[in-house]
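Engineer: First the structure, which I've put down as structure tokens, then a few questions once you've had a look.
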Amino acid sequence: MHRSTGRQQQAAPRHPPARSGSSASLTPPGSSQAGSEQHQLHPAGAAQPGVGAADLLGLSQLLLLPMHDTAELVMGSVSVAWRLLAEALALQPDGWAAAAGAELWRLMDAETRRGLQWGINNEELRWLGSELSWRLGAVLADGKPLPPAPPPVFAVALAGGVLPCVERLLRRAGEAPLGPEVGFAEGLLQQGTRGPFLAALLAYGEPRQAAALVATLGKLLRGVSSAYPALAVVPTGVPDLVVTCVRGVLLAVLYDEKVLSSRWVGAGQQQHQLARMISYAVCEWLPPLSRLARQWMAADAAPGSDDTWRSLGLVPLMCWLPLLACRALGGGSGAVGAADEAAAGAAGAAVTAAAAAGGWRMFVLEEVAAVSLLGDALRLAQFKDVDDDFVEGSLDSLALACCGVAAACPEEILGAGREGAAAVVPCGVQARTDPARGGDVAAAVPAPSPPAAPATPPCPSPAQWRPVLLRALARSLGSGLYGKEAAEALEALAAQLGAWEAGGGDPSKARGKKGKERGKRLLAALGRLQAATPEVARIAAVLLPPAEARALLRTCSYPACANLAGDSEADLRLQSCAKCAAAAYCCRACQVAHWRAGHREACALLGPGAVES
């Protein structure tokens, strides 16, 4: 069994969550027990329930409930109704329960807009969210490929607007971290289901809504990385919710029972959509996740704590870097679509593949800052107890990531081994160009990366890839599916870095006859490692190039945009730059900030009217 994931996704619970807090049952309106707690109102001043203007006019008797009892009644009624509807859907998916279930979710969406202001405590809201979501997390949790259509319970939730509801709750929680939406969002996105649940939303939801959810999570994650520039603390509250959601999705689509799996890759519409959304998510989430991890590692944030590895999001970064490195090598699209590309024209296909590989290579080096990230992770790995199953899996992933990036970016790795050459590589936020941001301009248009926004803290200096650290990692690897191959590749890489150091960083001294032999051994070891991990190439093959992925939803071109106004990122109105029309902004403040941060130079290169507005 392969233990390289560190995946913390729990199986969807078999039973609804237990409710905390008050356990008193609700008294049905009109019952004999309700008289002392409820006040009856009789229209037109009627003195008795049986006689009066209300009865003469055919009006029902009205019941005035205290605010707390009203909230209890709503939550209890929704919980019971959802449970009954789920049972009915299991018996007859296309019956009356489908329409009723969708209407229930629409009602819940409406009630969360006004009902969360009733003063219900966070524990009650968290319980309600858990009660609604516990049946929805098994869509990707059973180890089988994505079904052509979502399960009935999930389908009615989608029809009722659960996807935009989740995005709205996250945006409101981001705006007000102590607001009532936080508890409900935490319950709806509980630990055991949030990864599979959100991944299923991306696979089956309306495409524009799904892309907007990805963009909102990316914006929230960038806010977290800016809010925690150098604090040696583990995030809590909304930051923890955001990081955990992102981590859960990135791992849920990669692993099944701790084994790398391509079960979501296929020719179906749902697999195609999930591949597009995950490509977009990787572009939006990995750069701020990398920045966050590097900031905390630079601050020596509890280096011996397992929670640090989980909370920093290091595991999804380590797990995704081999796939991105595979695409940077050009091994992704060629592995799956070579025949079709040849039929369409070998020359054009080669140009397209080269452009895609170049885009991913730039993304790995500049936006994720993989050389710096892995150098810090190698240093942090020295503090880990390899007897822990989770830690051992993390080290396996780290080894595969180091080997993959070394294969895709050998010159950068050699430079980092001696002098930390990756220090000149800008961080993810700094590397976002205007065309990539909107996806409207061809990748060939030269546009320099704008400098970091003034409010964004600088990235820490990268750690060096020391040969001794690589050899220590090789010795600590477990006996997984590729442990032997990874150890051999790490040893070969360490030898190459050692020769580079011995030559004082002079390429001519490290590339003699012995250098060529070392290079051949390294390439052979990397080849054996790639052969031992065929799922990497299979998954990498479906990833869109970064520019194409970011074109799924045009968002504000200012990389540090923190605008969470409105219910959805897709609803923000954008105003194109009057000079180049390539950039677009959600507000005047973002436009001015981006102009000062570097768009002035990019705008001059793009020229007037580069893109139709």
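Quick note: the sequence shown uses full-length UniProt numbering, first residue 1, plus one each step. Quick reminder that beta carbons are idealized off the backbone N, C-alpha and C, glycines included.
Leaving out five residues on either side along the sequence, give the residues of the same chain with a beta carbon under 7 Å from the beta carbon of A494.
Structural biologist: P467, L470, R471.
Engineer: Using only CA atoms, which one of V238, A298, C402, F383 lies nearest to C319?
Structural biologist: C402
Engineer: Could you name the residues of the same chain whose beta carbon sits closer than 7 Å to that of T216, not counting the 5 residues immediately before and after it, in chain order?
Structural biologist: Apart from sequence neighbours up to five positions away, the residues of its chain that approach T216 with a beta-carbon distance below 7 Å are E167, L170, R171, E569, ordered along the chain.
Engineer: In angstroms with no decimal places, state the Cα-to-Cα distance between L374 and L314.
Structural biologist: 10 Å
Engineer: Just tell me which of Y482, L365, I278 has its CA closest to the CA of A329.
Structural biologist: Before going further, note that residue 329 is Leu rather than Ala in the sequence given. If we check each option's Cα against that of L329, L365 comes out closest.
Engineer: Here's a check: name, in chain order, each residue in its chain whose Cβ is nearer than 6 Å to the Cβ of A562, leaving out the five neighbours to either side.
Structural biologist: Result list for A562: G223, in chain order.
Engineer: Inspect the beta-carbon positions of L526 and A407 and report whether they are closer than 8 Å.
Structural biologist: yes
Engineer: Give me the Cα-Cα distance between E181 and W82, rounded to the nearest whole angstrom.
Structural biologist: 20 Å
Engineer: Going straight from the alpha carbon of G237 to that of W127, what length do you get?
Structural biologist: For the pair G237 and W127, the Cα-to-Cα distance works out to about 16 Å.
Engineer: In three-state DSSP terms, what is A583?
Structural biologist: coil
Engineer: Measuring alpha carbon to alpha carbon, tell me which of A589, C590, Y585, A581 ends up nearest L605.
Structural biologist: A581
Engineer: CB S130 to CB Q190, shorter than 8 Å?
Structural biologist: yes
Engineer: Just confirm the distance between the C-beta atoms of L221 and V249, as a whole number of angstroms; I'd bet it's less than 8 Å.
Structural biologist: Between V249 and L221 the Cβ distance is about 11 Å, and since that is not below 8 Å, they are no contact.
Engineer: To the nearest angstrom, how far is the alpha carbon of residue 615 from that of L398?
Structural biologist: In this structure the chain extends from 1 to 613, so residue 615 is not present and cannot be described.
Engineer: Measuring CA to CA, which of V78, A487, P559 is closest to A532?
Structural biologist: A487
Engineer: Distance, Cα to Cα, A584 vs G598?
Structural biologist: Between the alpha carbons of A584 and G598 lies a distance of about 14 Å.
Engineer: Using 8 Å as the Cβ pair cut-off and three pairs as the minimum, do the region 196-205 and the region 268-277 touch?
Structural biologist: yes
Engineer: In this structure, does DSSP put A190 in helix, strand or coil?
Structural biologist: Note that residue 190 is Gln in the sequence shown, not Ala. It is coil, neither helix nor strand.
Engineer: Please tell me whether L89 and A98 are closer than 8 Å, where the distance is taken between their beta carbons.
Structural biologist: yes
Engineer: Against chain C, does C165 count as a neighbour if the rule is that its beta carbon must be under 8 Å from one of theirs?
Structural biologist: Protein chains in the displayed structure number just one, and chain C is not present.
Engineer: Are A549 and S279 closer than 8 Å when you measure CB to CB?
Structural biologist: Against a cut-off of 8 Å, the Cβ pair of S279 and A549 comes out as a contact.
Engineer: Taking a contact to mean a Cβ-Cβ separation below 8 Å, would you say G483 touches L490 in this structure?
Structural biologist: no
Engineer: Suppose you measure from the CA of C586 to the CA of D567; what does that come to, to the nearest Å?
Structural biologist: 14 Å
Engineer: Decide yes or no for the touch test of the region 540-556 against the region 516-526: beta carbon pairs closer than 8 Å, at least 3 of them.
Structural biologist: Result no; under three Cβ-Cβ pairs closer than 8 Å.
Engineer: Quick one: what does DSSP say V542 is sitting in, helix, strand or coil?
Structural biologist: If DSSP states are grouped into helix, strand and coil, V542 belongs with coil.
Engineer: Taking the straight line between their C-alpha atoms, what separation do you get for G218 and F363?
Structural biologist: 16 Å
Engineer: Go through its chain and collect everything with a Cβ distance to L378's Cβ below 6 Å, but skip five positions before and after it.
Structural biologist: L469
Engineer: CB L213 to CB L251, shorter than 8 Å?
Structural biologist: no
Engineer: Suppose the cutoff is 6 Å on Cβ atoms and the five residues either side in sequence are ignored; what does the same chain contact list for A281 look like?
Structural biologist: If the five residues before and after A281 are omitted, its C-beta is found closer than 6 Å to the C-beta atoms of V214, all from its own chain and listed in chain order.
Engineer: Is V364 helix, strand or coil by DSSP?
Structural biologist: helix
Engineer: Please classify P207: is it buried, with 16 or more other beta-carbons within 10 angstroms of its beta-carbon, or exposed?
Structural biologist: exposed
Engineer: Would a C-beta distance cut-off of 8 Å place R247 and D376 closer than the cut-off?
Structural biologist: no
Engineer: Could you tell me the alpha carbon to alpha carbon distance between G195 and K520, rounded to whole angstroms?
Structural biologist: 41 Å
Engineer: Residues in its own chain within less than 7 Å of C326 by CB, not counting five upstream and five downstream?
Structural biologist: G332, G404, V536, A537, A540
Engineer: Buried or exposed: where does P66 fall if 16 or more other Cβ atoms within 10 Å of its Cβ makes it buried?
Structural biologist: exposed
Engineer: Would you mind reading off the limits of the alpha helix (DSSP H) that contains R518?
Structural biologist: Counting along the chain, the alpha helix (DSSP H) containing R518 begins and ends at 513-532.
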